[in-house]
Amino acid sequence: MTKNKVLVPDHIAAELENEKTEETKSEVDKAFVSAEDRVLDPTLVDKTLIERMPSPTGWRMLILPYRGRGVSKGGIVLTKESVDREALASVVAYVI
30 MTKNKVLVPD
40 HIAAELENEK
50 TEETKSEVDK
60 AFVSAEDRVL
70 DPTLVDKTLI
80 ERMPSPTGWR
90 MLILPYRGRG
100 VSKGGIVLTK
110 ESVDREALAS
120 VVAYVI
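In this text, residue positions in the sequence shown follow our numbering: the first is 30, and each later residue adds one.
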């Protein structure tokens with residue numbers, strides 16, 4: 030007995046795989062919101078960055094990772110990729 034195979038484009042195969050994984054997700058995975066569903070709160074527009082930060086409770090600390098400079102000492106504008114790489118490699122952060 031031979032099985033018939035159906036060839037489909039890669040993007041359709043990826044959609045089918047996503048549908049399968051959606052069905053098998055655990056409750057914890059379903060609790061997260063996708064990036065498309067995130068919305069901005071218009072009441073926070075007039076507040077400063079520090080006022081918009083969440084308040085840590087208990088033994089937790091709120092830290093803001095160091096981003097680094099976007100321009101080198103010589104005045105060259107750095108790409109986003111190199112700034113991000115520098116931020117990930119850094120062990121510096123601001124304690125808020």
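All C-beta atoms, glycine included, are put in the ideal place defined by N, C-alpha and C.
Identify the continuous beta strand (DSSP E) that holds residue i and give its terminal residues.
i, result
"Ile92", "Ile92 to Pro94"
"Val74", "Taken as a continuous stretch (DSSP letters only), Val74 belongs to no beta strand (DSSP E), as it is neither H nor E."
"Val124", "Ala122 to Val124"
Using CA coordinates, which residue listed in the options is at the minimum distance from residue i?
i, options, result
"Pro94", "Glu115, Ser111 and Thr77", "Glu115"
"Arg89", "Lys34, Asn33, Arg98 and Ile125", "Ile125"
"Ile79", "Pro71, Ile92, Gly87 and Thr86", "Ile92"
"Asp39", "Val120, Asn47 and Asn33", "Asn47"
For the alpha helix (DSSP H) containing residue i, list its first residue and its last residue.
i, result
"Val112", "Lys109 to Ala118"
"Ile79", "Leu78 to Arg81"
Just to confirm my understanding: we take residue i, look at its own chain, exclude 5 residues before and 5 after, and list those with CB closer than 6 Å. What are they?
i, result
"Val100", "Val106"
"Gly97", "Val112, Glu115 and Ala116"
With a CB to CB cut of under 8 Å and the five nearest residues on each side skipped, what residues in its chain are close to residue i?
i, result
"Leu45", "Val37"
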